[in-house]
Structures are given as C-alpha cells and as structure tokens.
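Asker: Dropping a structure here in structure tokens format, bear with me for questions.
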Amino acid sequence: MTMSTDPLVGHTLEGRYEIVSKIARGGMATVYRAQDLCLPRIVAVKVMHEGLDAELAERFDSEAKAAARLVNPHVVSVFDQGMDGDRPFIVMEYVPGCTLRHIITQEAPLTPVRALDLLEPVVSALASAHEDGLVHRDVKPENVLISDRGQIKVADFGLARAVGNHTMSATSGQLIGTVSYIPPERVTRGSSDERSDIYSAGIVLFEMLTGHKPHTGDSPIQVAWAHVNKDVPAPSQYLANGTKAEHDIAWLVPGYLDGLVRACTSRDPGKRPANGRALLDLLRRVRHALTTGRTDDPALAALQNTVPQPNAVIANPVAHAPGGSTDRSARRRNEPVRPGTASVPPWSRTGTPVSPPTPVSIPDSPLSPIDCPPGRIPTQPANHSQPRPRPIHRRATQPASRSRLAQDAVHRRRRGVIAAVFIVLVAVLCAYLVFHFTSSRYSASELHSTNSVARTCVHGESSCMHTVSQNI
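Spelled out as structure tokens, the structure:
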C-alpha cells in the first residue's frame, strides 16, 4: 500500500488528529504525521494494524501508559491515546529529522568518539526506563531519532512492559522485535530484562564502529540463532579482517572500547552491565579516555589486555537453525586471532569472537520518522561537545621472524663499518693537529734563533766601531 492509497491519509481520528501523511510501517503498527486540530502542532500518530489479536491490542495499550511514565529529554513523549473504530492509536511527539539508520548508512564506520556521542543519549533514555521498571525490548537504529537540531530521542516503546510481566512468545515461533539486535535469552527463554536492552545497545555500537551487523543469515530465524551460538567479535578485529579501508582504521578502536562492546554483547546476561545506569557510567569513562588520547587507563584496566577464551555455546544448549549462511565467515572461521585485538573485561569473557560475516539484508520494522534528505543530517548532537581526540597508536607485539633477524645482522655490520670509519677520521685529525702544533713550535724556535744572531752581530759591530774610534 502506497502513501497515496493509504485510507487513513486525510482521515481525522476522534475529530482531533488529521492524518497528513504516512511516515513508516512496522510489524504491529503504522506511524503517520498528523495535525493536532486543538493545539497548533504537528504530532506523530501510531495506529495499530487491523486483524491483530486481543493480546497485541492490550500490549499496544500498555505501551502508551508505559511511555507516558518516562520523563527524559531523550525519550519521545506520549501525548494521548484513543480508539479509531476497533484500532487503538497513540499520539506522540513528532521529531523532524532522520534516524540513526541513516547516519550509519551514510557515515559508518564512525569514529569512536562520534559513535559514543550518538549512543550516550540512547543509553541515558534506557537508564531512565530501567529505573522506572521498564524494558524497551527493541533497541535498534531505526528507533533512534535525530532531529534537525541534533537532539537524539529514543522512540517506539511498543515492546516496553513492566519487568514483572512475562508474556513473550519467542519459543512458540513469534519473535517480537528485530532479529539483528535480539539478545540470546529472548530466543532461548522468551524473557527479557534490563540486560537485554544492554545487549541490543552493544550491537548498535558495534554497527556504528564497523558499518556492519555482527550476525547475518539467509533467514531471520538463522540470524536469531546466530546470536545464541556465536560471540560478537571485537570491532577492531572485525575491521582488521575486512577490506583494506577497514583494516587501515582498525587501530582507531582501542582495546578498552573493544572490551565495552564485548561486555555489552556477552551471550551470558550475567556478564553484561546490569542496567542502563551502569552502562552509562562505563560509557562516559570510556569516552573520557578516548578524548584524552589514552591508549591505557588504570581505571579501565579490566577492559583490555585479556586473552579471549575458545568459543563455546552458552548454557541451555539449543539446536542450530536449519540451513547455512552464505557469508564470508566460512572463509575466516579458522583464521587465528591477532594478538592484542580482542580485549574483554573479566566480567564479559565469553570466548573468541567468531569471524565477521558480510551483512545480509534482514527485514526490519521501523516505527520512526523517515530518513532526512541530503544536507539536513546533523553532524553531531547539539548537546554534546566534540573535542578532537588525539590519535591512539597501538602496537601488537609479534615474535621475531628470520627475515627480521637477518636485517638486524645487516644493521649491526653497517654500524661496525661506520664506527671504523669514524675512528680513522679521528686518528687522521689528531695526526694533523700534532703535525701542525710541532711545525708551529719549530718555526717559532728558528725565528727566535735568527733574531738572536742578528742582535749579536749588531752588538759586535757596535763594539768594533767603538774600539776603532778609541784607537784613532
């Protein structure tokens, strides 16, 4: 159905909200741009699809109440809710601009500081939700809105529910959310908590740093099981094993940033940061280290210099998804891990990262404003400063090879020849100085003798003349 044929365009909901245009369509609802006829403002209206069961309708209704409880500058506000016939709808704040998906498509791989600046408001919104007992359950770039003025807001709490309610149906075949960012426990147990949002946020950070999703497959179910059976690789390792352009920027990702990603995306929820507040504190510490150009930091020692353990499946083993994945992971599965590239904190050791695959398009269900046109993309959030980080150079120690030993021997021989030439030159210079000094003394002595003889002769002539004069 196109925008021009959408029956709701031009329709007025409850005599107040006039539908102007369609913004996006998701798996559970469609988002429209609407005019509030009572107040002079543009709003976003999310209308639930027809034909969904009563449970989803109840969940949709709980979304409005859950989101309305959140008070945070980085959360899309909920203004109203109502019914259009048998379809419930929610009226939300309209955020003109684009989504984080557009930024990733246009700019990724992002610099580490840029990526953290974009993620920090998202984590701040999650921290507020977690403190209020809510879980988002669908953190992804499409649900991160960036206004024309650089404000970053998290939208679509369509899957947000009180933590105490357990009504997920993943084990029955219905996966709520986007599989590219789904945490393993949602697939195996059908349950979510604050740490599930942490996992999804870590996947978003990985995608911003690398420009790719960590797991791909031929079908959504294969991608979902990949999150269960495979570790997310360290971003620097993924870049180092990628294209030449990606390899050349791998050094920009320090070990403690690798550790942050690996901690958030641990397949074991117990090894992730406990909630949004814990992740926010950790993210700010990592960002401070980046902006000050540190390659190491005592306060972040647990995030680096840790050797990854062999890859293993988490508890509650499950069968692999049927079929295979046509990506580049098969060609790299047995490649050795480069030293110093995968650094994981002690509380997130989950194994050696799997080889990075080439992304395969997985259908998402955006419920957010459309991407902004060219020229209107904010280069950075308005409420964040962007200091230029000093380059972070990282060298990986490698064992000496035979060619390197041979080169060292050649260098030693060259140094010996140079030293011998220097000694000869010093000896010649010393000989010249001795000769010059001796010659100077000889010339001075000869001149002194000549002067003495001359004085003697003159004195003798004077004596002779005096004697002659007396005789006369």
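For reference, each letter of the sequence shown is one residue, going 1 to 472 in full-length UniProt numbering.
Each residue gets a CB set at the ideal place from its N, CA and C atoms; glycine is no exception.
Note that the coordinates shown come from a computational prediction; the quantities given were computed from them, not determined experimentally.
How is the alpha helix (DSSP H) around P184 delimited, first residue to last?
Answerer: First-last of the alpha helix (DSSP H) with P184: 184 to 188.
Asker: Buried or exposed: where does A34 fall if 16 or more other Cβ atoms within 10 Å of its Cβ makes it buried?
Answerer: A34 is buried by the Cβ-count criterion.
Asker: Along the chain, where does the beta strand (DSSP E) that runs through S200 open and close?
Answerer: Per DSSP, S200 belongs to no beta strand (DSSP E); it is in the alpha helix (DSSP H), 194 to 210.
Asker: With DSSP as the reference, identify every bridge partner of V113, one or two as the case may be.
Answerer: Looking at the DSSP assignment, V113 forms no beta bridge with any residue, so it has no partner.
Asker: Give the range of the alpha helix (DSSP H) segment to which C264 is assigned.
Answerer: Taken as a continuous stretch (DSSP letters only), the alpha helix (DSSP H) holding C264 covers 255 to 264.
Asker: By how many angstroms is the C-alpha of Y199 removed from the C-alpha of residue 516?
Answerer: This structure leaves residue 516 out entirely; the chain is present only between 1 and 472.
Asker: Give me the Cα-Cα distance between A66 and W251, rounded to the nearest whole angstrom.
Answerer: For A66 and W251, the distance between alpha carbons rounds to 42 Å.
Asker: Can you grab the Cα-Cα spacing for the pair V421 / L433, in whole Å?
Answerer: Rounded to whole angstroms, V421 to L433 spans 18 Å at the Cα level.
Asker: Compare the C-alpha of A115 against each of G97, A245, P235, D296 and name the closest.
Answerer: The shortest Cα separation from A115 among G97, A245, P235, D296 belongs to P235.
Asker: Please classify E50 as buried or exposed, where buried requires at least 16 neighbouring CB atoms within 10 angstroms.
Answerer: Answer is exposed; the Cβ neighbour count stays below 16.
Asker: Please state whether DSSP places G164 in a helix, a strand or coil.
Answerer: Residue placement at G164 is poorly supported in this model, since its pLDDT is 38, which falls under 50; the coordinates are not used for a value here.
Asker: Per DSSP, what kind of secondary structure is L8 in: helix, strand or coil?
Answerer: Coil at L8, not helix or strand.
Asker: So which of P273, P269, V113 has the shortest CA-CA distance to T292?
Answerer: The residue with the shortest Cα to Cα distance from T292 is V113.
Asker: What do you get for R267, buried or exposed, if any count of 16 or more other CB atoms within 10 angstroms of its CB means buried?
Answerer: With 16 or more other Cβ atoms within 10 Å, it is buried.
Asker: Counting along the chain, where does the beta strand (DSSP E) carrying A29 start and finish?
Answerer: Run containing A29: 29 to 36, per the beta strand (DSSP E) assignment.
Asker: Report yes if the CB atom of C264 is closer than 8 Å to the CB atom of P273, and no otherwise.
Answerer: Yes, Cβ-Cβ distance for C264 and P273 is below 8 Å.
Asker: Using a Cβ-Cβ cutoff of less than 8 Å, which residues in the same chain neighbour L37 once the five nearest sequence positions on both sides are dropped?
Answerer: T12, G15, R16, Y17, E18.
Asker: With a CB to CB cut of under 7 Å and the five nearest residues on each side skipped, what residues in its chain are close to V179?
Answerer: Result list for V179: P220, V223, A224, I362, in chain order.
Asker: If I measure Cβ to Cβ from V76 and keep anything under 6 Å in the same chain, skipping five residues before and after, which residues do I get?
Answerer: Cβ within range, chain order: M92, E93, K153, A155.
Asker: With H, G and I counted as helix, E and B as strand and the rest as coil, what does DSSP make of T291?
Answerer: Looking at T291 - three-state DSSP - the assignment turns out to be helix.
Asker: Just to confirm before moving on: does the CB-CB distance between M208 and L118 stay below 8 Å?
Answerer: Going by C-beta atoms, M208 is nearer than 8 Å to L118.
Asker: Cβ atoms of T99 and V43: under 8 Å apart, would you say?
Answerer: Not a contact, by the Cβ cut-off of 8 Å.
Asker: Between which residues of its own chain and L282 is the CB-CB distance below 7 Å, once the five residues before and five after are set aside?
Answerer: Correct list, in chain order: L260, P273.
Asker: Please look up how many angstroms separate the CB atoms of D61 and P88, rounded, as I've assumed it's under 8 Å.
Answerer: 6 Å between Cβ atoms; contact.
Asker: Taking the alpha-carbon positions, what's the V139 to L257 distance?
Answerer: Roughly 20 Å separates the two Cα atoms.
Asker: So what's A431 in DSSP terms, helix, strand or just coil?
Answerer: Three-state result, A431: helix.
Asker: Taking the C-alpha atoms as reference points, what is the distance between T295 and H102?
Answerer: Each residue's alpha carbon lies about 31 Å from the other.
Asker: Can you pull the DSSP bridge partners for A24?
Answerer: V31, per the DSSP bridge assignment.
Asker: Report the option in E107, L39, D231 whose CA atom is closest to the CA atom of M79.
Answerer: The question names Met, yet the displayed sequence has Phe at residue 79. Of E107, L39, D231, the residue nearest in Cα terms is L39.
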